[in-house]
Amino acid sequence: PSSRTRRIISKMSKSPTDQDSTTTTTTTTGSGGVFSEAVQQEAKEALESVGWARPMEGDGEMTSEDPFVKQIDAGIQRDFGVGLDDLLNPAKVVNLERELYNLRRELATLTDKKDDETGQIVEVAGLSTKECDGGGGGEDAEAIRAKISKKETDLALERRSVFRDWLKNIFVGQAVISFGVSYVMATNPKSLFGGFDWFYTYNMDISIQVLGYWFWWLFIVPSLRSRRPKGAEKQALDIAFLGTPLISILAPIATKDTGLIWFANFLVVAGAYGFAFLTDGDDDEDDGSGDSNQPAWLKFVYKSLDFGSGRERGARK
Numbered sequence: 012p013s014s015r016t017r018r019i020i021s022k023m024s025k026s027p028t029d030q031d032s033t034t035t036t037t038t039t040t041g042s043g044g045v046f047s048e049a050v051q052q053e054a055k056e057a058l059e060s061v062g063w064a065r066p067m068e069g070d071g072e073m074t075s076e077d078p079f080v081k082q083i084d085a086g087i088q089r090d091f092g093v094g095l096d097d098l099l100n101p102a103k104v105v106n107l108e109r110e111l112y113n114l115r116r117e118l119a120t121l122t123d124k125k126d127d128e129t130g131q132i133v134e135v136a137g138l139s140t141k142e143c144d145g146g147g148g149g150e151d152a153e154a155i156r157a158k159i160s161k162k163e164t165d166l167a168l169e170r171r172s173v174f175r176d177w178l179k180n181i182f183v184g185q186a187v188i189s190f191g192v193s194y195v196m197a198t199n200p201k202s203l204f205g206g207f208d209w210f211y212t213y214n215m216d217i218s219i220q221v222l223g224y225w226f227w228w229l230f231i232v233p234s235l236r237s238r239r240p241k242g243a244e245k246q247a248l249d250i251a252f253l254g255t256p257l258i259s260i261l262a263p264i265a266t267k268d269t270g271l272i273w274f275a276n277f278l279v280v281a282g283a284y285g286f287a288f289l290t291d292g293d294d295d296e297d298d299g300s301g302d303s304n305q306p307a308w309l310k311f312v313y314k315s316l317d318f319g320s321g322r323e324r325g326a327r328k
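With the working numbering, the residue at position 67 of the sequence shown is 78, and numbering never jumps.
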């Protein structure tokens, strides 16, 4: 890094003791202090200019535009030839990287690991654990080293866990099988289960018919969403995931024909696909919130549907 970068990092990396000792000259001088907004922004730009990126402070949500997430994505592409979104658990990778950053920073402080040029505690962004460890530090440092070792092992495993095409094909096959089985369950369950005594003993025909049309929400749509589609298809499946349970709950008020209710669910899913593709649903796919004109509550619902699909807590906005 340039001398300017090191000077800024030195300011940002001062220990509490160092900060207290210079209170009268720097940290309490108002807008010109070390912790002023201008200095903080300058430090951030300097770190990014040399390929380093701090994770955001606290436990808040990071997005795909965060420099720290971009750095992780670039590293995975360099090492494995795939992007962060192509991993099985991208959010877990981001969280592990952030936890390792915080642990290494704590280790550097405990072991008094200083920068050779500035004489201050090193900025750990972009450094390995060995480069952040000054040695010693007692039991507290040993405990942190143990945590770091475990998380590094977990991270190495997660970075190699790629969401392969064959797994996506399994989800498609599951959706297709569920489609066929659910139709028979909703229209003629005897053809599947008539050979079993319990089917007649417990009068299971109605229960199985009801389960048949609920397959849309329980298995078919979730299987398609598990492929992590993007753009218009993602929007279509989000709408379908919200619409099919409403149909399954409200339609029995109007009709007791389970085959008709199953077909109504089919029309909802087909209509969702048509609406999403006709309105070009991938226009705002990158921001994860859909149309900017949508109400806040609807954006929240769509965002909530992404939980567990690789878009939450760091993988995407």
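Yeah, the Cβ is synthetic: ideal placement off N, Cα and C, and Gly gets one too.
query                                                                                                                                                                         : result
Assign Ala119 to buried or exposed, taking buried as 16 or more other Cβ atoms, counted over all protein chains shown, within 10 Å of its Cβ.                                 : buried
At least one CB of chain C closer than 7 Å to the CB of Phe204: is that the case?                                                                                             : Chain labels in this structure do not include chain C; a single protein chain is all it has.
Hey, Val232 and Leu248: beta-carbon distance below 7 Å or not?                                                                                                                : yes
Short of 6 Å in beta carbon distance, which residues of its chain neighbour Phe210, apart from the five on each side in sequence? Order them along the chain.                 : Phe204
What are the boundary residues of the alpha helix (DSSP H) that Ile217 is part of?                                                                                            : Asp216 to Phe226
In this structure, how does DSSP classify Val104 when only helix, strand and coil are distinguished?                                                                          : helix
Please determine, among Gly254, Lys124 and Val104, the residue with the shortest C-alpha to C-alpha distance to Phe79.                                                        : Val104
Taking 7 Å as the cut-off, decide whether the C-beta atoms of Ser259 and Trp225 are in contact.                                                                               : yes
Count the other C-beta atoms from every protein chain shown that fall within 10 angstroms of the C-beta of Asp90, then say buried if there are 16 or more, exposed otherwise. : exposed
My parser needs the alpha helix (DSSP H) runs of 4 or more residues fully inside the stretch 143-197; what are they?                                                          : 149-171
Select from Gly282, Leu99 and Leu261 the residue whose C-alpha is nearest the C-alpha of Ile272.                                                                              : Leu261
Counting along the chain, where does the alpha helix (DSSP H) carrying Gln131 start and finish?                                                                               : Element bounds for Gln131: n/a, residue is neither H nor E.
Helix, strand or coil, according to DSSP, for Leu229 in the structure here?                                                                                                   : helix
On the DSSP letters alone, give me the boundaries of the alpha helix (DSSP H) that Val280 sits inside.                                                                        : Thr269 to Leu289
Measure the CB-CB distance between Phe182 and Arg238 and report whether it falls below 7 Å.                                                                                   : yes
What first and last residue would you give for the alpha helix (DSSP H) that runs through Tyr211?                                                                             : Asp208 to Thr212
Which two residues bound the contiguous alpha helix (DSSP H) that contains Thr255?                                                                                            : Gly242 to Ala265
Mind reading off the beta-carbon distance from Ala157 to Thr122? Whole number of angstroms is fine, and I expect it under 8 Å.                                                : Not confirmed; about 14 Å, so no contact.
Near Ser172, which residues of its chain fall below 7 Å by C-beta distance, leaving aside the five closest residues on each side in sequence?                                 : Leu98, Leu99 and Asn100
Quick one: Cα of Glu110 to Cα of Ala136, how far?                                                                                                                             : 12 Å
Among Leu95, Gln88 and Gly86, which one has its Cα closest to the Cα of Thr74?                                                                                                : Leu95
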